[in-house]
Structures are given as C-alpha cells and as structure tokens.
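Here's the structure we're looking at; comments come further down.
Right, here's the structure in full:
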C-alpha cells in the first residue's frame with residue numbers, strides 16, 4: 014500500500030489527573046501508518062495469515078469504535094414488538110479507578126447483552142454511579158476538596174476507562190445518585206414511606222464509628238466489633254435516628270423467595286437473614302398514672318393469636334427508655350433493681366386489644382434475637398407464667414383445651430371460638446388493617462436504620478417544628494439540595510449543622526420557625542431503587558413512569574458480588590414490594606435471575622511472625638525449587654495465600670497493564686474462562702487459562718485462514734465431489750456444530766457457565782481444525798460450522814470475531830447463504846439448532862483419553878452422555894474400545910462435567 018493514511022491508535026495516557034484520579038486504559042489518537050506496519054484485512058483487503066500480537070492490536074483498534082457504534086444504533090422504541098431483555102450489573106462507587114473485579118462483572122453483562130441482541134431481543138444494559146458515601150467525603154477532607162468535585166472527576170475518569178474496554182452500555186440512561194435530579198426522587202420515596210407509616214424516628218442504641226463519626230448498621234460491623242470501612246472498634250451510643258420499618262414486609266419477602274429461581278445460595282442467605290416469620294409486633298401507648306406519656310412501643314409476640322391473654326410488657330435493662338431522654342426514665346429508674354424482674358408504675362395499652370398491662374423491666378440481658386420489648390403471655394409460656402406469678406400480676410386465660418388435643422380461643426372478643434390457627438390469621442390480619450401491628454416477622458430481624466451523621470448523602474426531607482413535630486417537606490419543594498460548605502472536618506456533629514442558613518427554615522405546616530433534619534440517608538437507600546430509574550431516567554415529574562417500569566421489569570439477569578447478597582438485595586426487594594403496594598409498578602420482585610460473581614484474588618506474601626505484607630520483590634523463592642517454603646529477603650518465614658486484590662497487600666492488578674499486554678478480548682475471555690462466575694479466580698498468568706485463551710484465539714484465526722486458503726486452490730466448491738469418507742466427516746462436523754449451538758445457548762441462558770461454553774467452542778474448534786482439505790474446499794457444513802463458531806464467539810470477544818467474520822464473508826465462492834447476507838458479526842442472528850438434528854436421536858462425540866493421552870472419538874447418545882457407567886460400557890463396546898481397552902484393567906473412568914471428554918486411567 015502506497016503513501017500514508019490517518020488511522021486510529023489506542024495508546025495509554027501519558028499522565029493521570031491530579032489526586033488519585035487515573036487515566037482511562039486507552040485514548041484514541043491519530044498517528045501515521047507506515048508500510049512496515051502489519052495490515053488489517055478490514056482496512057486493506059489483505060488477510061494476515063497468522064494472529065500475532067501486532068495483528069491483535071490492530072484488530073482491536075479498528076473494531077473498538079465500530080462495535081460501540083453498532084450498539085448505539087440498534088436502539089428501538091419501547092413500543093417495539095421485539096422481546097425485552099434487561100441485563101443489569103451492580104453500579105460502582107466512582108473511586109476513579111477500575112479494578113479487575115469491575116472488569117469481570119461488566120464483561121459478563123456485556124457478553125449477555127450482545128448475546129441477547131443477537132437473539133433478536135431489545136436489550137437494556139445501563140450504567141450509573143453509586144456516588145454518595147463516606148469515601149468521597151473522607152477524600153475531600155484529606156485533600157481540602159469539595160466531594161462533589163471529587164466525585165464528578167472520578168466519574169469522568171471511570172467512564173472513559175469503561176469505554177476503552179469496549180463495554181457497550183446504554184449511556185443515554187446513565188444515573189448518578191449524588192445529582193439532585195436523582196436524589197429528589199429518593200426523597201420522594203422516603204416521603205411515601207413516611208406517609209405509609211414505614212419511616213419513623215426514635216432514640217436507639219446505635220453502632221458509632223469514632224473515626225468516620227457516623228452511625229453504622231449492624232451489618233456494617235464485622236464479627237470482631239469493628240467498622241467495615243474504617244476498621245475502628247465500634248462504640249455504642251444513644252441517638253435519635255431514622256428507621257424504615259422493613260420488618261412489616263418480612264413475611265412477604267420471605268414467601269416470595271419460593272417463586273424465584275435458584276440464586277447460587279443467595280435465596281438461602283436471604284431466608285436466613287429474615288428468619289422464620291412466626292410472630293409479629295403490636296403497638297402500645299405508655300401511660301403513667303393513667304395519663305398518656307407520648308411514648309409508644311412496638312412489642313413482639315411469639316404467639317399473636319393469644320394476645321388477649323397478655324399479662325405484662327417486658328423491656329430489657331438496656332432499653333432506650335432507661336438510658337435516653339424519655340420523660341419516663343425517672344419512673345423506670347425508681348423501679349429498677351439489677352438482677353430481678355421489676356414491675357413499674359407505667360402501663361402499656363395495646364392499641365389492638367385495648368387492654369392495659371404493666372410494664373416490667375426484665376432481669377435478662379437479652380431476649381431471643383434482636384428483641385428488646387416482648388409481650389408476656391402466661392397461657393403459652395412457662396417462663397411468662399413464672400414471671401406473672403412472681404410479680405402477682407393478673408391476666409385472662411384465653412385458651413380452651415379439648416380432649417382431642419385441639420385448642421380454641423375464649424375471652425378474645427370476636428375471635429373467641431376460633432382455633433389457634435384460625436385466630437392467628439384473623440388477629441394478625443385485623444391488626445394490619447387497623448395499622449396497629451400484625452405484620453408477621455421474625456425475632457432476629459431489625460428495622461433498617463438509615464440515618465448517617467455525615468454530609469455527602471441524600472438529605473432527609475423532614476423539618477422539625479416546635480409546634481408540629483417532624484414534618485415532611487412538601488413534594489413540590491423537592492429536592493432538598495445539599496448546601497455548599499466552606500470546609501469539611503469529619504469531626505463532631507453532622508457537618509450540615511454548620512450550614513445555619515440551610516438548617517433554619519419555616520415549617521411547611523404552620524409556617525413557624527423550624528430546623529431541617531441534618532442526618533443524611535445511608536447510601537443503601539439510593540441503591541435500593543436505581544434499577545427503576547434506569548427504565549425512565551429523564552422523567553422530571555416522577556421517579557419513573559409506570560409504563561416504562563412495567564415494560565422493562567423485572568430485571569432478567571442481575572449481576573454483582575456475593576457480598577451484596579444480604580443487605581443490598583434485601584433492601585432492593587423491600588422497596589420493590591413497597592412500590593408495588595403503592596401502585597407504582599406491577600412487579601413485586603425486581604430481579605428474575607441473580608448471577609453472583611466471585612472475587613479475582615491475587616497472590617499475597619506476608620511475614621509469618623508479624624503479618625506484614627511484602628511485595629513479590631521482597632521475597633526469596635530460590636528454595637522453592639527444592640520444595641522449600643519462600644522466605645523474606647531479610648530472613649523469616651513467609652506465608653503465601655490468595656486474597657482479594659488490594660494495594661495494601663501488594664497483590665493488586667492494574668487492568669490497564671493487563672489489557673496493554675494481552676488485549677481486551679484476551680482479558681474478556683480469561684475472566685469468562687478461568688472459573689464459573691460464582692467462583693473466585695486466582696490470578697496467575699502461568700496457569701492454563703490465559704495461555705489457553707491465547708492459543709484458542711490463534712486457532713480461530715487459523716481456521717478462517719484455512720478456509721480462505723482452501724478456496725484459493727483453483728477448484729470451484731462442489732459438494733458432489735465429496736466421497737463416503739468425507740461425507741461421514743461432514744456429518745460429524747454438522748453434529749458437533751448443532752451440539753455446540755445447543756450447549757452454548759443453554760450456558761448463556763440457563764446456568765451462565767461461560768467457561769463451559771468456551772470449552773464447548775474449543776471442542777468445535779478442534780473438530781474443524783482436523784478437517785481434511787477436501788472437506789474444507791467443498792463442504793457447506795464446514796462453512797456453516799465455522800460461521801456458527803465465530804458468531805458464538807462474538808459476544809465474548811467482539812473485536813476478534815468481527816474481524817474473523819469480515820474475513821469469512823469475503824471467501825471466494827461461498828456455499829452458505831450465511832456468508833452472503835452482509836452485516837457485521839454482532840448484527841447476525843444467533844445460530845439455531847437445525848430441525849433435523851432435533852428430530853434425530855441426539856448424539857455427542859466424546860473425546861477418549863487413556864491415561865490423559867487422546868486416543869480417538871466415540872459418538873454416544875446425548876441422554877446417557879453424563880452417565881459414567883453407561884458411557885464406559887458404550888466405549889468398551891465400540892471398535893475403538895475393543896482395540897485399546899478390551900485387554901486392559903481400568904482403574905478409574907473420569908467423565909468431564911464441562912466438556913465432551915472421557916478419560917480412562919488404566920494400569921500400564
């Protein structure tokens with residue numbers, strides 16, 4: 014090629030932005046092409062016969078902008094008759110730098126998105142930013158920056174990095190939780206919860222992080238009593254806090270799990286988190302000398318059906334009423350004697366039964382689970398009976414026992430005469446209707462504490478008025494935006510207290526002086542509904558339109574880390590149930606399938622004596638040759654483990670460096686092939702996974718080279734020239750192609766075993782690689798199998814597959830209509846299994862190994878292909894088995910669960 018032309022080259026950025034903001038992986042720049050540079054078929058029409066690193070780089074440079082453009086141009090209106098598919102990956106915190114965990118989860122979502130588009134679906138694969146929270150605020154404090162400035166700069170950097178990886182998101186639906194056009198609707202949903210009686214404020218003993226100066230939920234404290242983020246020993250502190258009454262939805266959330274597909278153990282984790290919902294809370298008003306005190310309590314009953322037989326209400330000595338600012342505290346302190354049950358002068362009126370019972374301070378340090386207030390009912394508890402008798406309390410018997418062992422209710426108003434089972438349902442339902450309790454929940458579940466004493470979060474839309482009490486900000490006045498603060502210190506009270514003009518306001522109800530709530534919301538509130546906003550991200554009038562949400566929801570596949578299996582998923586499910594009850598959406602459950610991903614772990618080295626982490630360069634491995642353990646260069650034993658990648662552990666991996674060395678497609682294939690998604694990946698470039706995918710890409714390239722070369726031999730392709738042996742060979746190719754299409758499609762839709770899908774494609778690659786020249790020259794089955802192979806590779810390695818497809822579609826004298834229809838590979842329809850294959854007995858071609866050495870192949874029926882005993886017998890009866898195994902002693906037969914392979918271990 015003569016002269017020079019402008020071309021697009023992706024080069025690493027020379028420098029990062031200030032602070033810890035990092036550069037994107039690549040930046041497009043113009044450079045001059047020189048004749049010595051290898052050519053690319055899509056540019057020049059000259060096919061490079063080998064897939065070398067330079068070829069790979071040129072392929073990715075050329076196809077990167079084109080793959081991105083194809084995704085953007087295939088957006089249809091929501092009225093389209095194409096079936097929808099919503100693939101969602103958990104949105105990231107904008108730290109400014111991608112890590113390999115990000116690469117893994119977004120490669121999975123991108124792969125699924127491309128696959129579903131090729132199946133003809135209208136795909137939504139959105140991306141946004143979980144942008145509020147402590148890390149940005151702490152970083153701003155350390156650097157004297159505005160957290161908004163810091164966050165937006167990080168978002169810009171990370172978005173460029175995601176683009177440079179060729180990840181195809183619907184960026185026109187981007188959401189950012191720290192922007193007012195998003196958190197306005199977080200505040201709107203909070204007000205709806207408040208109006209429904211599901212958001213409330215009370216004094217509570219909370220977990221206080223003395224370093225981050227904020228409250229932590231129980232789930233944010235580890236088993237050693239330390240903060241999940243700062244590592245500080247958590248203190249107990251009594252504060253007035255905002256809660257969301259998730260316990261009211263415990264039973265519906267538990268029951269709904271039964272209708273969901275298996276979630277890789279997460280359903281069991283959710284069920285265990287919720288607990289058995291066999292009891293409920295009832296609401297009580299507290300009185301002193303017959304006068305209402307203004308205090309209310311939620312008290313748990315293990316047997317709601319006999320609530321009319323309550324004798325007392327018991328609280329723990331650690332209860333907030335004994336330690337907070339309640340007016341009842343003096344009366345409780347007068348009655349309290351450590352180590353014994355104490356009757357107080359306070360009574361509690363059950364708002365459901367109307368009965369008043371005495372308030373008792375229990376001698377116990379804990380009740381069952383997280384309970385601090387329980388109803389004592391002597392009829393069903395020997396312990397409660399003992400307490401009531403010891404304190405000379407009166408109660409009403411409410412159970413009538415019959416000779417057959419059954420029990421019915423007495424002295425229970427309209428519920429008298431019902432069996433206990435009937436009364437359980439009727440009483441709890443009636444209490445729910447009267448909004449005085451009755452929601453079935455477990456004793457181990459607490460309400461969701463959402464208050465945080467920090468600046469960088471969604472302001473709670475409430476003002477506190479001396480006359481009216483807490484008052485919600487009117488919807489028309491939303492959003493309550495964060496004020497600009499001159500500086501952040503992270504010490505003392507909430508930073509918002511310093512914004513005097515913002516804090517002091519007028520009461521929306523009486524117009525008198527009031528103060529804004531200065532706590533902000535936990536970031537889990539923001540992420541509890543973001544999947545809704547993606548369906549209608551620019552709606553200025555509502556958080557989302559009902560039509561748009563109903564069109565896209567539920568999410569078809571939700572992808573993210575297993576560390577979010579409890580808290581985030583529970584809160585997101587709760588809010589979806591609530592929105593269904595509010596008439597905002599038709600679906601109660603937000604996520605149909607969940608795909609949890611394991612970690613990518615790096616090798617760590619730490620001193621056995623001190624636990625200090627060492628860099629690899631600080632470790633002496635010379636003794637490892639003689640099977641000795643490595644030692645530190647300065648002496649001392651070193652422990653070698655695999656742990657979550659971290660700078661502090663010196664085991665992190667920069668995606669930029671990996672991509673520059675191996676290419677985008679190689680990294681994508683590696684993270685898909687190294688392990689099933691739910692398992693951890695132990696990153697080691699010397700393992701079989703990385704070399705394996707590098708070899709496979711080269712072999713795919715060689716197959717296209719092989720076909721192009723065969724068609725240039727001069728003969729016009731003519732299937733009638735194939736003899737009996739070649740026809741048998743083409744039949745095997747046809748069977749292998751259909752089997753691969755069947756298996757890969759199943760892996761992409763059912764179990765998401767992308768590693769198994771790649772193994773199956775590698776198997777088809779082997780079959781095609783062994784094809785004779787005559788078959789390659791004259792067989793339409795070879796052509797169509799190779800076309801299917803490239804198409805099925807495309808979602809996982811879109812750049813390579815796009816170039817392979819371009820090379821395929823320009824072979825001389827193509828036989829298959831597939832190669833004549835035009836369009837790039839990602840615009841093709843996903844391969845389908847031929848009807849003839851479905852009608853014929855399903856067969857699988859198994860590779861037979863003897864002592865790990867390939868010896869041939871045997872075809873067996875699909876229905877027995879996973880049965881080791883039957884497979885062994887069929888192979889022993891085959892000509893291959895008769896020849897190689899009939900006189901041998903078989904020690905063990907290993908049938909691969911992932912690939913069509915069986916290995917016989919025999920005595921030599």
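Residue numbers (the numbering used here): 14 to 921.
Ideal Cβ placement from N, Cα and C applies to all residues, glycine included.
All figures in this text were calculated on a predicted structure; none of them were measured in a lab.
CB of residue i within 9 angstroms of CB of residue j, strictly
{"i": "residue 831", "j": "residue 800", "result": "yes"}
{"i": "residue 75", "j": "residue 607", "result": "no"}
{"i": "residue 617", "j": "residue 663", "result": "yes"}
{"i": "residue 871", "j": "residue 877", "result": "no"}
{"i": "residue 98", "j": "residue 188", "result": "no"}
{"i": "residue 113", "j": "residue 706", "result": "no"}
{"i": "residue 621", "j": "residue 651", "result": "yes"}
{"i": "residue 922", "j": "residue 458", "result": "Nothing can be reported for residue 922, as the shown portion of the chain is limited to 14 through 921."}
{"i": "residue 805", "j": "residue 857", "result": "no"}
{"i": "residue 143", "j": "residue 464", "result": "no"}
{"i": "residue 240", "j": "residue 234", "result": "yes"}
{"i": "residue 469", "j": "residue 155", "result": "no"}
Given residue i as reference, the closest of the options once Cα atoms are compared
{"i": "residue 449", "options": "210, 475 and 783", "result": "210"}
{"i": "residue 260", "options": "313, 771 and 391", "result": "313"}
{"i": "residue 294", "options": "79, 386, 126 and 351", "result": "386"}
{"i": "residue 362", "options": "300, 376 and 390", "result": "300"}
{"i": "residue 907", "options": "434, 915 and 205", "result": "915"}
{"i": "residue 559", "options": "577, 794, 598 and 540", "result": "598"}
{"i": "residue 192", "options": "586, 496 and 592", "result": "496"}
{"i": "residue 79", "options": "60, 56, 96 and 100", "result": "56"}
{"i": "residue 376", "options": "126, 353 and 744", "result": "353"}
{"i": "residue 410", "options": "401, 813, 447 and 418", "result": "401"}
{"i": "residue 669", "options": "81, 175 and 861", "result": "175"}
{"i": "residue 380", "options": "343, 332, 358 and 406", "result": "332"}
{"i": "residue 13", "options": "132, 173, 182 and 171", "result": "Absent from the structure is residue 13, since the part of the chain shown begins at 14 and ends at 921."}
{"i": "residue 217", "options": "246, 242, 250 and 412", "result": "250"}
Three-state secondary structure assigned by DSSP to residue i
{"i": "residue 692", "result": "coil"}
{"i": "residue 753", "result": "helix"}
{"i": "residue 350", "result": "coil"}
{"i": "residue 361", "result": "strand"}
{"i": "residue 40", "result": "Note that residue 40 has pLDDT 42, beneath the 50 cutoff, so the model's placement of it is unreliable and no number is given."}
{"i": "residue 466", "result": "coil"}
{"i": "residue 459", "result": "coil"}
{"i": "residue 534", "result": "strand"}
{"i": "residue 908", "result": "strand"}
{"i": "residue 428", "result": "helix"}
{"i": "residue 589", "result": "helix"}
{"i": "residue 883", "result": "helix"}
{"i": "residue 380", "result": "coil"}
Closer than 8 angstroms: residue i CB and nearest the ligand FAD heavy atom
{"i": "residue 763", "result": "What this structure holds is no ligand at all, so the ligand FAD is not there to describe."}
Cβ-based neighbour list, residue i, same chain, cut-off 6 angstroms, excluding 5 preceding and 5 following
{"i": "residue 13", "result": "There is simply no residue 13 to check, as the chain begins at 14 and stops at 921 in what is shown."}
{"i": "residue 761", "result": "128"}
{"i": "residue 47", "result": "For residue 47, the predicted model reports a pLDDT of 36, less than 50, meaning its position is unreliable; a value from the coordinates is still stated below. If we look at residue 47 and ignore the five residues flanking it on each side, it has no Cβ neighbours."}
{"i": "residue 531", "result": "507, 509 and 510"}
{"i": "residue 547", "result": "139 and 186"}
{"i": "residue 550", "result": "186 and 188"}
Contacts around residue i, its chain only, beta-carbon distance under 7 angstroms, and the 5 residues preceding and following it disregarded
{"i": "residue 461", "result": "256, 257, 259 and 584"}
{"i": "residue 723", "result": "786, 789 and 790"}
{"i": "residue 671", "result": "680"}
{"i": "residue 612", "result": "114, 657 and 693"}
Contacting residues, own chain, Cβ-Cβ under 8 angstroms from residue i (five flanking each side not counted)
{"i": "residue 49", "result": "With a pLDDT of only 37 at residue 49, under the threshold of 50, the placement of this residue in the model should not be trusted, and no figure is reported."}
(message) Between the stretch 191 to 203 and the stretch 478 to 493, can you find at least three pairs of beta-carbon atoms closer than 8 angstroms?
(response) With three or more CB-CB distances shorter than 8 angstroms, the stretch 478 to 493 counts as touching the stretch 191 to 203.
(message) Using 8 angstroms as the cut-off, can you tell me whether the stretch 59 to 78 makes contact with the stretch 503 to 523, which would need three or more C-beta pairs spanning the two stretches below that distance?
(response) Too few Cβ pairs lie closer than 8 angstroms, so no.
(message) Could you check whether the stretch 762 to 773 touches the stretch 726 to 733, counting it as contact only if at least three pairs of C-beta atoms, one from each stretch, sit closer than 8 angstroms?
(response) A contact is defined here as three or more CB-CB pairs under 8 angstroms, and the stretch 762 to 773 fails this definition with respect to the stretch 726 to 733.
(request) Mind the definition here: the stretch 370 to 382 touches the stretch 313 to 333 only if three or more C-beta pairs lie below 8 angstroms; say whether that holds. (result) As far as the Cβ criterion goes, the stretch 370 to 382 touches the stretch 313 to 333, which means the pair count is three or higher.
(message) Could you check whether the stretch 148 to 159 touches the stretch 119 to 127, counting it as contact only if at least three pairs of C-beta atoms, one from each stretch, sit closer than 8 angstroms?
(response) The stretch 148 to 159 and the stretch 119 to 127 do not touch, with fewer than 3 CB-CB distances between them shorter than 8 angstroms.
(request) Specify whether the stretch 342 to 353 and the stretch 410 to 423 touch according to this definition: at least 3 beta carbon pairs, one from each stretch, less than 8 angstroms apart. (result) Cβ pair count under 8 angstroms is below three, so no.
(message) Could you check whether the stretch 696 to 705 touches the stretch 833 to 852, counting it as contact only if at least three pairs of C-beta atoms, one from each stretch, sit closer than 8 angstroms?
(response) No, they do not touch.
(request) Could you tell me whether the stretch 861 to 871 touches the stretch 886 to 902, using the rule of 3 or more Cβ pairs below 8 angstroms? (result) With contact defined as three or more Cβ pairs closer than 8 angstroms, the stretch 861 to 871 and the stretch 886 to 902 are in contact.
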